[in-house]
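Each number in our numbering corresponds to the 1-based position in the sequence shown with 129 added. The beta carbon of each residue, even a glycine, is placed where N, CA and C say it ideally should be.
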Amino acid sequence: MNTFHHITDWKLVSGPGEFHSHCKLGSPCKIGQDGTCPMMLLLATYRSIGLWDACDPKHRACIPGNPCTQTEDKFCSRIVFLVKLQHMYGTCGAGNTGLACCPSISEEERCWLFPSCPPCGVLTEIRALVLIHRRILDECVPEERFSRTDIRHLENGLAGYLRAYEVRRGMHIDELRNQTEDTYRIEMQYARGVDDYDLTVGKHLRQTWLQAVWLRVTTMVADRFGFKYEHSCA
């Protein structure tokens, strides 16, 4: 297992996005380039890791401990997804879902959905809620004849989950960046053989270099337009 992978590390190799601005998830590529279409690749990723089936809007009411609302089976893709989410990050639901033991989680699922990182578990849960709400609006509104009030509630819910995902993702990225900087600082401290106080020398040198670059640029601009630039060392 790649223990350094995080949900924030999702990468899709695709073609230039500006050429696919009208492509939609679940529909063929508008310019006939399915192999490099970002939306087609995103859909393929959702399907390959099981997230697409787990977020089928027809199963939105399925929860662990109760039969599937569509098939009456104990375990549909939605229920299995929630059981695995609980097993990885919360109170394991194996005791009250009919499972004799904890569910097995594949390496691909650990990489894309359930890394050994609690903040990533929160992001996976919110991502699933975003996907379900998006698919309800796209797939269920015409078929189930939702009222305008229902649609407005769904749109508000989707906006809230999108905002929550944005905020939590930003917090996690900042946390990971800070951890990286802490590791770098400790490594440089060891490499230089100095204490924390002496590490400020490197910072001072960088500030001096930036000041020199700024002085050079401002002098060139002043000369170009005939201004007189006086540099103050204060």
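Determine the direct distance from the alpha carbon of residue j to that of residue i, and round the result to whole angstroms.
i	j	result
A266	A183	Here residue 266 turns out to be Leu, not Ala, going by the sequence shown. Cα to Cα, L266 sits roughly 17 Å from A183.
L171	R321	45 Å
H135	P244	6 Å
N131	C249	Residue placement at N131 is poorly supported in this model, since its pLDDT is 42, which falls under 50; the coordinates still yield a value, given next. Approximately 14 Å between the Cα atoms of the pair.
D138	T200	35 Å
M368	E268	The structure shown does not extend to residue 368, since the chain spans only 130 to 363, so no value can be given for it.
C221	Q318	42 Å
E284	T278	10 Å
T312	P247	21 Å
E273	Y218	34 Å
N195	H188	12 Å
R292	H262	13 Å
Q308	K159	42 Å
H149	C166	7 Å
H216	R239	12 Å
G289	H282	10 Å
D327	Y175	Low per-residue confidence applies at D327: pLDDT is 49, beneath 50, and the placement is therefore not dependable, though the value from the model is reported in the following sentence. About 49 Å.
G161	C205	34 Å
W181	F275	22 Å
I302	A173	25 Å
G164	H151	16 Å
C197	C231	19 Å
I280	E236	38 Å
P366	E310	The question about residue 366 has no answer here: the residues shown for the chain are numbered 130 through 363.
G155	E254	21 Å
H304	V209	Strictly speaking, residue 304 in this sequence is Glu, with His absent from that position. Straight-line Cα distance between these residues: approximately 30 Å.
R306	C191	37 Å
Thinking C-beta only, is residue j closer than 8 Å to residue i?
i	j	result
R207	L252	no
M169	K153	no
L211	P193	yes
I315	L242	no
R129	Y294	Nothing can be reported for residue 129: it is not among the residues displayed for the chain, which extend from 130 to 363.
L287	V270	no
I234	K213	yes
Please decide whether residue i counts as near chain D, where near means a Cβ-Cβ distance under 8 Å.
i	result
C158	Of the protein chains in this structure there is only one, and it is not chain D.
Any heavy atom of the ligand NAP closer than 7 Å to the Cβ of residue i?
i	result
R306	The model on display carries no ligand, and the ligand NAP is accordingly not part of it.
>> Quick check on the DSSP output: what are the complete alpha helix (DSSP H) runs of length 4 or more inside the stretch 255-321, in order along the chain?
In response: 270-273, 277-321
>> Ignoring anything shorter than 4 residues, give me the alpha helix (DSSP H) runs that lie fully in the stretch 171-214, in order along the chain.
In response: 180-183
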